[in-house]
Amino acid sequence: MARSSERDTDAVRGFLPPQNDEERMLMRHAEDLARTAMQREIPRYSAFLSDREQLLAEAAMHRAGCNCWHWEGGWPGAERKVLCVEPETTAPALPVACLCIKCKMAPGAEPPRHQDYLGSLLGLELKREAVGDIVPDVSGAGSAWIFTLKSAARVILSDLCKVGNMSVSVEEKELAQVPAFSGTERETLTATVSSLRLESVLAAMLHCSRGMAGELIAAGRVEVNHVAMSSAHAPVYNMDVFTVRGKGRYQITELPGKYHRLYQVLTSLDGVQKDAEEWWIWSPYRMCRV
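According to the working numbering, the sequence shown is numbered sequentially starting from 2.
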């Protein structure tokens, strides 16, 4: 039976320490960057980091006592970013390059998708951390803006000739030339859940049974804030981001703490409240970048 909870619905998930050797190594590397930059007074830069890696690197900066760092992704809404540690006495060296890829499309052909661009770049034997955001042109013109490390940009400029089965041209652009990209349209749905547990919330998001949601979790296909989840009963918090492999990405943006008939429900930041006692709207969203 569902029951009400006294938990503060404004609470958000706290910092989750490193979960494995790879994450611990990332934090040590970030601390090494900070110490080297401060001791030798030279700028130091990481590769592109995911959201989870950014949280770990930020914690490493605080632990190292470094306050001369910032993020650079190439454009204001970047998801993947480079950690830049730049002491005040140094001349910063911009680590991010911007490339514009244009496809030679036949009439009626479908433009390449994000995974097509990424697959072609990785086919050049580039590592994933050398590539930042890939922003395809939503107009269907068959072009994309790609942000990479400077070393990767040189490889792409000289070697990339096809994306999928389409011939392409590549041109380097200044970051000041990057256009203002339009935001991703979000779908608004309504849902109720019996408890703020991963299994229940995931079932509401995907419109499936809790049993099927549990199978996705057990198969390792579910991440919360970029950390793989193994327990179907794990609690969820306000602002948690859910990544379900093969399904999409979702976020809880507000938990009003309202109950009706022993059910707690979710609401979205951009939703409209339908009934203060019963229904609240929440918003799953699908990201245009991975």
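We treat Cβ as the ideally placed atom computed from N, Cα and C, and that holds for glycine.
Predicted model only: the values in this text are computed from it and were never measured.
Beta bridge pairing from DSSP links residue 163 with 168. Fully contained in the region 203 to 250 are the following alpha helix (DSSP H) runs of length 4 or more, in chain order: 211 to 219. The DSSP-derived three-state label of residue 175 is coil.
DSSP places residue 73 in the strand class (E or B) of the three-state scheme. Residue 82 counts as buried, since no fewer than 16 other beta carbons sit within 10 angstroms of its beta carbon. At least 8 Å separates the beta-carbon of residue 197 from that of residue 218. 164 is the residue among 177, 16, 164 and 212 whose C-alpha sits nearest the C-alpha of residue 144. Per DSSP, the unbroken alpha helix (DSSP H) holding residue 36 starts and ends at 22 to 41. Assignment of residue 156 by DSSP, reduced to helix, strand and coil, places it in the helix class. Residue 42 and residue 69 have their C-alpha atoms spaced approximately 11 Å apart. Per DSSP, reduced to three states, the secondary structure at residue 133 is strand. Sorting 101, 39 and 48 by C-alpha distance to the C-alpha of residue 95 places 48 at the top. Residue environment for residue 45: buried (at least 16 other C-beta atoms within 10 angstroms of its C-beta). Bounds of the alpha helix (DSSP H) holding residue 64 are 52 to 65.
For residue 88, the closest of 77, 76, 61 and 67 by C-alpha to C-alpha distance is 67. The C-alpha of residue 206 lies about 18 Å from the C-alpha of residue 228. Judged by beta-carbon spacing, residue 244 lies within the 8 Å limit of residue 224, meaning their Cβ atoms are closer than that value. Between residue 28 and residue 60, the C-beta spacing is below 8 Å. Annotation: the continuous beta strand (DSSP E) that includes residue 144 extends over 144 to 150.
In the three-state scheme derived from DSSP, where H, G and I count as helix and E and B as strand, residue 200 is classed as helix. Residue 51 and residue 105 have their C-alpha atoms roughly 31 Å apart. Within 10 angstroms of the beta-carbon of residue 162 lie fewer than 16 other beta-carbons, which makes it exposed. For the options 38, 57, 33 and 36, the alpha carbon positioned closest to that of residue 23 is the one of 57.
A residue is called buried when at least 16 other Cβ atoms come within 10 angstroms of its Cβ; residue 201 meets this threshold and is buried.
By the Cβ-count criterion, residue 139 is exposed, with fewer than 16 other Cβ atoms from all chains shown falling within 10 Å of its own Cβ. By the neighbour-count criterion, in which a residue is buried when 16 or more other Cβ atoms sit within 10 angstroms of its Cβ, residue 166 is exposed. Restricting attention to 40, 54, 34 and 39, the CA atom closest to the CA of residue 17 is found in 54.
Assigned with DSSP and collapsed to three states, residue 121 falls in helix. Annotated as distal: residue 147 and residue 115, with beta-carbon spacing of 8 Å or more. Nearest in C-alpha terms to residue 182, of all of 38, 75 and 230, is 75.
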